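Engineer: Protein chains in written order, with our numbering: chain A, 37 to 442; chain B, 37 to 442; chain C, 57 to 191; chain D, 57 to 191.
Let me begin by handing over the structure; questions about it come next.
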Ligand SMILES: Cc1ncc(COP(=O)(O)O)c(C=O)c1O
Ligand SMILES: Cc1ncc(COP(=O)(O)O)c(C=O)c1O
């Protein structure tokens with residue numbers, strides 16, 4: 037395996053499309069990544085040669101569908117380095133976090149504490165606030181350093197014997213910073229807290245060895261990892277899943293239903309009420325396989341070269357500031373910046389007119405924006421299929437905005 | 037418009053496939069229907085020419101994606117005869133019922149009652165049992181008649197001033213019987229109860245005029261209505277949605293998030309936490325459009341002709357019993373039967389060897405099976421693309437099972 | 057028509073109904089359900105002083121495969137203890153392709169089930185119940 | 057490059073910052089946020105005895121479109137009451153294609169926003185705040 041950017045790019049049909057007569061420089065991967073032929077084909081094969089409901093049918097299409105669905109679980113599990121039966125398919129990353137907040141959350145007692153950070157995505161804040169209202173648990177927040185990292189120096193002082201769970205972004209969707217998982221797990225052990233990682237921004241950058249990380253829960257989103265929409269993953273240790281009550285009720289998650297009472301199926305089925313997102317899960321399985329076939333040493337180096345090119349280019353434009361780590365260590369290719377005197381939305385809109393797609397605004401991280409008194413940032417998020425021409429187009433657009441809008 | 041079965045059939049690529057060398061007689065539509073080119077194309081167009089996250093982006097792809105997603109809402113709304121802003125996209129029909137059980141359910145008080153029926157799908161039982169455990173509400177059950185209909189004669193006696201909600205299958209997934217919605221709504225009004233219909237088995241048979249029905253909540257599943265997996269719909273009256281707290285927390289469903297507290301967005305966004313199932317929603321929009329373009333007078337007559345053919349054929353086979361309405365009035369093309377001395381799974385498995393796909397077992401309606409002391413049924417569920425050759429193949433298989441397995 | 061699954065031997069095993077019924081005074085009686093398909097098996101056993109099966113009976117509310125499996129089990133179980141039954145189960149697993157090797161009689165009858173994953177549990181359910189009854 | 061949106065007139069309106077600031081003693085001060093994009097507008101108004109705007113000021117933390125809209129609003133608002141402001145809003149809506157007809161000055165400057173649905177709210181946010189301030 038060696039990394040061939042052009043070959044990778046060629047597998048993504050949308051990147052060959054003309055959007056209003058121009059090719060697209062897609063640098064909004066942190067919001068949603070694009071999807072390769074391998075994924076489109078896997079879903080189409082299911083839809084046109086094996087579509088049926090899973091688990092309950094004895095006919096051939098149902099057998100095909102069930103096999104494809106369970107094989108997708110195996111592929112996702114291989115991507116995470118965990119046993120397949122610990123992989124729960126959900127409707128998305130947000131749904132996976134809500135599952136934990138409702139189910140694991142129902143095992144917590146008033147006064148128990150959950151520790152988050154100030155840079156979390158709303159999806160890793162609001163479910164816990166809702167749990168706080170329901171169940172009287174307390175939330176603590178690890179501050180963020182000036183360069184956009186979770187400030188782990190502050191972690192020990194925020195831990196208490198009542199801390200039951202620490203839930204953090206593996207990689208920040210605003211600054212690209214990766215948290216030091218080893219330090220978090222070690223600190224958590226001192227008080228017996230569980231650790232959950234929100235892997236939404238980490239999963240799109242290659243296989244993860246969860247066994248080595250030593251965390252308890254992991255979640256990520258299909259659509260940000262080159263898979264379809266409508267699918268996400270919750271991984272948790274078997275003993276945890278075993279102890280957790282169901283979140284949603286319905287078909288397939290039951291043992292026996294009587295009018296008086298109902299017993300639950302074992303995990304992962306217990307957490308997959310109703311017909312699961314079969315096609316999307318099959319697509320995500322294909323995406324995980326696709327990612328596992330990539331040379332990530334090469335891909336990551338390529339991504340970091342683009343980050344460097346971007347940071348160098350921005351520094352040459354008067355009045356730009358990067359919000360996030362200045363170096364390339366322990367970070368992923370998500371870069372936020374501000375252009376003094378120009379609102380991020382106007383930067384992004386100008387970039388659009390240059391055919392460059394980025395995101396601008398609060399990135400669903402309002403508490404972080406409030407903390408640093410920012411109106412938002414312009415965020416450039418890269419994938420292995422991006423290349424230097426994308427960064428060049430972006431820099432041209434930023435220069436234009438700097439010249440015309442202030 | 038007039039109904040042309042062969043033309044309809046030609047729009048479903050899977051029906052032209054050879055499965056193990058044979059065409060498939062797909063009569064398991066109640067579990068999952070097949071999907072037409074129109075839906076496959078709509079999803080592919082999104083994935084290859086307009087894929088992006090919705091609502092938050094200013095670039096062209098984000099605009100395209102947002103337009104397509106919101107247009108899907110408009111198409112679903114037109115299919116149901118309701119305003120688009122009353123349509124909430126969920127991960128599925130089961131997820132939609134759970135949304136109501138969690139959100140609307142949180143407004144109920146201990147001792148409030150919810151009225152279901154004995155023929156409900158587990159997805160319309162278990163969420164309410166879980167609510168009962170959480171919130172101390174009580175459940176009542178309308179019995180079922182010998183011919184598999186909800187026994188509305190028993191309804192008045194089961195209503196109380198504490199009855200807040202009546203939630204019933206619009207069409208039974210076991211017997212095909214349609215409930216008399218007018219009678220339910222009239223009875224509900226006498227005590228001020230809300231009415232929810234589980235439309236999972238009704239929606240695949242054409243547009244619904246919810247305004248005329250006078251119900252308060254309606255849910256259905258994408259994959260049973262010719263759309264993709266991973267998408268379902270909750271419709272509720274605006275004033276109800278307005279009064280309901282969110283179910284899941286995350287991106288997009290918020291007003292403003294601070295560490296101290298969070299405000300909610302107006303419906304439907306309040307109930308669509310995180311990145312929604314964009315592709316699946318677009319596919320469901322296309323499916324609703326596809327259904328709206330069909331001549332349902334013709335399609336329904338065609339479906340009922342198949343039902344008659346099936347019932348006539350079964351009656352000629354010694355030891356068959358139909359569980360469900362004997363006539364064609366107020367029913368949809370779902371037919372359950374038993375073959376004395378042969379277990380339903382063995383019937384279904386034998387049918388599979390004849391290339392006929394049906395479902396056998398409890399159909400996620402264990403309480404109904406218990407009530408009638410059934411080991412399960414063999415269920416034939418039809419769609420407009422089925423035809424008399426499918427029924428003939430099925431009857432041949434049933435005769436074979438009758439001859440060889442008992 | 058490619059009616060591979062219901063071959064004569066399976067049908068014959070099921071129709072034989074070997075051991076169908078109840079014991080008057082079982083040492084243990086265990087019921088096992090398969091929630092997915094609704095099959096239910098109750099196994100009664102009478103054990104001797106060494107934990108070996110002296111008598112066995114089963115009531116099956118389930119499909120033909122489950123009935124055939126219960127029949128085969130009852131036909132071969134008498135005189136065996138938990139370890140002996142585990143060996144028999146291994147044979148059943150071999151037949152349906154869940155374990156390596158050739159399945160011994162009478163379980164080789166289940167070889168046609170190999171291709172039908174959704175039905176594997178039907179064959180194994182009586183073994184599950186018997187295992188519980190012996191533990 | 058097809059830089060349609062940021063045409064000179066919009067940029068000029070924004071840079072003019074007409075009415076930017078606070079009033080010393082407003083009759084009413086209202087803040088409105090757009091939660092989706094994070095734009096925030098605060099509008100101060102001083103009303104005369106007939107409910108007409110005597111003085112107006114705005115603080116905008118938002119994009120150029122929102123600033124341009126607030127400027128345009130401030131430039132044209134003095135002397136108008138709630139009904140008059142509703143008419144102006146109608147002009148803004150005409151410009152961005154949400155209402156039929158031709159937009160009057162200065163709101164015709166916003167015609168380029170028509171094609172960018174995601175930005176319509178940016179133009180309307182100052183109107184929302186002012187409407188609240190007048191009610
Ligand atoms: C760090 C992080 N967590 C969670 C989410 C939520 O993912 P989704 O919207 O796909 O549910 C996102 C993406 O929006 C994210 O970037
Ligand atoms: C009547 C009825 N309600 C609810 C459901 C649940 O739908 P889903 O499994 O798609 O969530 C089904 C289908 O399984 C059904 O037939």
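Where is the CB? At the ideal position from N, CA and C, for every residue including glycine.
Bear in mind that the values here come from a model prediction, so they are computed numbers and not experimental data.
Three-state secondary structure (DSSP) at residue 183 of chain D?
Structural biologist: Note: residue 183 of chain D maps to helix in three-state DSSP.
Engineer: Under 9 Å Cβ-Cβ, which residues of chain B neighbour residue 117 of chain C?
Structural biologist: Result: 379 and 411.
Engineer: For the stretch 349-369 of chain A against the stretch 72-79 of chain A, are there 3 or more C-beta pairs whose distance is under 8 Å?
Structural biologist: With a cut-off of 8 Å, the stretch 72-79 of chain A and the stretch 349-369 of chain A do not count as touching, because too few Cβ pairs lie within range.
Engineer: Quick one: is residue 131 of chain B buried, meaning 16 or more other Cβ sit within 10 Å of its Cβ, or exposed?
Structural biologist: Flag for residue 131 of chain B reads buried.
Engineer: Starting from the Cα of residue 112 of chain A, find the closest Cα among A/372, A/157 and A/324 and give me that residue.
Structural biologist: Here the closest residue by C-alpha is A/324.
Engineer: Could you tell me how far apart the beta carbons of residue 336 of chain B and residue 433 of chain B are, in whole angstroms, since I believe they sit closer than 8 Å?
Structural biologist: At roughly 26 Å, the Cβ-Cβ gap does not stay under 8 Å, so residue 336 of chain B and residue 433 of chain B are not in contact.
Engineer: Once you ignore the five residues that flank residue 271 of chain A on each side, which residues in its own chain have a CB closer than 6 Å to its CB?
Structural biologist: 116, 118, 122, 123 and 254, listed in sequence order.
Engineer: Could you pull out every residue in the same chain whose Cβ sits closer than 8 Å to the Cβ of residue 51 of chain A, ignoring the five residues on either side in sequence?
Structural biologist: Result list for residue 51 of chain A: 45, 59, 60, 62, 70 and 421, in chain order.
Engineer: If residue 334 of chain B and residue 266 of chain A are in contact, beta carbons under 8 Å, what's the gap, nearest whole angstrom?
Structural biologist: Actually they are not in contact, since the Cβ atoms of residue 334 of chain B and residue 266 of chain A sit about 33 Å apart, beyond 8 Å.
Engineer: In three-state DSSP terms, what is residue 161 of chain B?
Structural biologist: Three-state DSSP puts residue 161 of chain B in coil, outside helix and strand.
Engineer: Is residue 318 of chain A helix, strand or coil by DSSP?
Structural biologist: Correct three-state label for residue 318 of chain A: helix.
Engineer: For residue 91 of chain C, which residues in chain A fall below 9 Å Cβ to Cβ?
Structural biologist: The answer, in chain order, is 290, 291, 292, 293, 299 and 301.
Engineer: Taking the C-alpha atoms as reference points, what is the distance between residue 145 of chain A and residue 194 of chain A?
Structural biologist: Cα to Cα, the separation comes out at about 19 Å.
Engineer: Shorter than 7 Å, the distance from the beta carbon of residue 88 of chain A to the closest heavy atom of ligand 2, or not?
Structural biologist: Incorrect: residue 88 of chain A has no Cβ contact closer than 7 Å to ligand 2.
Engineer: Residue 159 of chain B: beta carbon under 7 Å from a heavy atom of ligand 2?
Structural biologist: Within the cutoff, so yes.
Engineer: Are the C-beta of residue 397 of chain A and some C-beta of chain D separated by less than 8 Å?
Structural biologist: Yes - at least one Cβ of chain D is within 8 Å of the one on residue 397 of chain A.
Engineer: What residues of chain C sit near residue 93 of chain A, judged by a beta carbon separation below 8 Å?
Structural biologist: Correct list: 174.
Engineer: Give the list of continuous beta strand (DSSP E) stretches no shorter than 3 residues that lie fully inside the stretch 234-272 of chain B.
Structural biologist: Runs of the beta strand (DSSP E) inside the stretch 234-272 of chain B: 253-257 and 268-272.
Engineer: Based on the DSSP output, what are the partners of residue 203 of chain B in its beta bridges?
Structural biologist: Answer by DSSP bridge pairing, in chain order: B/232.
Engineer: Is residue 306 of chain B helix, strand or coil by DSSP?
Structural biologist: Residue state, collapsed to three classes: helix.
Engineer: Could you tell me if residue 143 of chain D is buried or exposed, where buried requires 16 or more neighbouring beta carbons within 10 angstroms of its beta carbon?
Structural biologist: That one is exposed.
Engineer: Between residue 79 of chain B and residue 311 of chain B, what straight-line distance do the alpha-carbon atoms span, to the nearest angstrom?
Structural biologist: Rounded to the nearest angstrom, the two C-alpha atoms are 16 Å apart.
Engineer: Roughly how many angstroms separate the alpha carbons of residue 58 of chain D and residue 161 of chain A, rounded to a whole number?
Structural biologist: Here the model assigns residue 58 of chain D a pLDDT of 47, short of 50, so the residue's position is not dependable and the matter cannot be decided.
Engineer: Could you tell me whether any Cβ in chain B is nearer than 8 Å to the Cβ of residue 83 of chain A?
Structural biologist: Yes - at least one Cβ of chain B is within 8 Å of the one on residue 83 of chain A.
Engineer: Can you tell me whether residue 295 of chain A is helix, strand or coil according to DSSP?
Structural biologist: Residue state, collapsed to three classes: coil.
Engineer: For chain A, find out if any of its Cβ atoms is closer than 8 Å to the Cβ of residue 94 of chain D; answer yes or no.
Structural biologist: Interface residue, yes.
Engineer: Compare the Cα-Cα distances from residue 139 of chain C to each of C/186, C/181 and C/164 and report the closest residue.
Structural biologist: Residue 139 of chain C has its Cα closest to that of C/186, out of C/186, C/181 and C/164.
Engineer: Specify, as a first and last residue, the run of the alpha helix (DSSP H) that residue 447 of chain B falls within.
Structural biologist: Residue 447 of chain B lies beyond the stretch modelled for chain B, which goes from 37 to 442, so this question has no answer here.
Engineer: Return the chain-ordered list of same chain residues with a C-beta closer than 7 Å to the C-beta of residue 146 of chain D, the five sequence neighbours on each side being excluded.
Structural biologist: Once the five neighbours on either side are set aside, the close Cβ partners of residue 146 of chain D are 155.
Engineer: The alpha helix (DSSP H) that contains residue 401 of chain B, what's its start and end?
Structural biologist: Counting along the chain, residue 401 of chain B falls outside any alpha helix (DSSP H), and DSSP gives it neither H nor E.
Engineer: Does DSSP classify residue 62 of chain A as helix, strand or coil?
Structural biologist: Looking at residue 62 of chain A - three-state DSSP - the assignment turns out to be strand.
Engineer: How about residue 209 of chain A and residue 412 of chain A: do their beta carbons lie closer than 8 Å?
Structural biologist: Their beta carbons are not under 8 Å apart, which means residue 209 of chain A does not touch residue 412 of chain A by this criterion.
Engineer: If contact means a Cβ-Cβ distance below 8 Å, which residues of the stretch 99-121 of chain B contact chain D?
Structural biologist: From the stretch 99-121 of chain B, only 99, 102 and 103 have a Cβ closer than 8 Å to chain D.
Engineer: Since I believe residue 80 of chain C is in contact with residue 112 of chain C (beta carbons under 8 Å), could you give me their beta-carbon distance rounded to a whole number of angstroms?
Structural biologist: The Cβ separation is near 13 Å, so there is no contact.
Engineer: Cβ of residue 128 of chain A versus every heavy atom of ligand 2: is any distance shorter than 7 Å?
Structural biologist: Checking the Cβ of residue 128 of chain A against ligand 2 gives no.
Engineer: Please list the terminal residues of the continuous beta strand (DSSP E) segment that includes residue 84 of chain D.
Structural biologist: Looking at the DSSP string, the run of the beta strand (DSSP E) that includes residue 84 of chain D is 84-89.
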